[in-house]
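So the structure is just underneath, and the comments pick up after that.
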Amino acid sequence: MSDFEEFVDYLGDATKQLFDDIGDAWNELKEDLRETVTVRYLRPGATAYCRADGKKYYGILTGTQIISLNAEKEPEYMELADFLNQHGAEKLKVAGKNRIAVGSHEVDYAARMAVEEERFPSTKTFVLKCLGVADASSVDDALEKKFGSFEWLTYDLQEESGEDESEEHQESSAE
């Protein structure tokens, strides 16, 4: 009987270890998937940021450009690659839902009106003003109050340029 009890204990421990390993693998897979999901469609008025030197630098998307603060703390239009280069960052994160950037024309309009008219102490302050949400303590809080649930998704700049090149290639081959 003791051999049987030892076998049952061993089987119970092995099963517990198996489920722990499966749980760990599942969590790793979810994290890997979260990192590879990208924003597919940009929307004017969407909020984006890049991270460099432990800081986040925010901006408001206006289609294929972004409005963010320059060195003089004034909002200005920039290409997305220039925004990343200015801050020495590699990735652009965009607030999105279902691979579509969340934004509105109201936010886009507020950002455009701020260009060359105002100065801001930080990109966070600029974005919070454009979002126009009262009592928001952070950009994440303001976005959630304005658009509901969202997640920060990576936007792949190479994917954008690759699509343009393939469209040009298709047009030239059609001629």
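Converting from the sequence shown to this note's numbering requires adding 16 to each position, the first position being numbered 1. Note that CB positions come from ideal geometry on N, CA and C, so glycine has one too.
Could you name the residues of the same chain whose beta carbon sits closer than 8 Å to that of SER182, not counting the 5 residues immediately before and after it, in chain order? With a pLDDT of only 44 at SER182, under 50, the local geometry of the prediction cannot be trusted, and no value is derived from it.
Thinking C-beta only, is GLU90 closer than 9 Å to GLU134? yes
Please check the pair HIS121 and PRO60, which I expect to be a contact at CB under 8 Å, by giving their CB distance rounded to whole angstroms. 6 Å
By the three-class DSSP mapping on this structure, what secondary structure does GLU106 have? coil
Under the three-state DSSP convention, the category LYS72 falls into: strand
Can you tell me which residues form a DSSP beta bridge with ALA64? GLY75 and VAL110
Where SER182 sits in the DSSP three-state scheme: Interpretation of SER182 is limited by its pLDDT of 44, a score under 50 that renders its predicted location unreliable; no figure is taken from the coordinates.
CB-CB under 8 Å to TYR57, same chain, minus the five flanking residues each way: which ones, in chain order? ARG115, ILE116 and ALA117
Could you give the DSSP three-state label for THR80: helix, strand or coil? coil
Go ahead and label ASP124 buried or exposed: buried means 16 or more other beta carbons lie within 10 angstroms of its beta carbon, across all protein chains shown. buried
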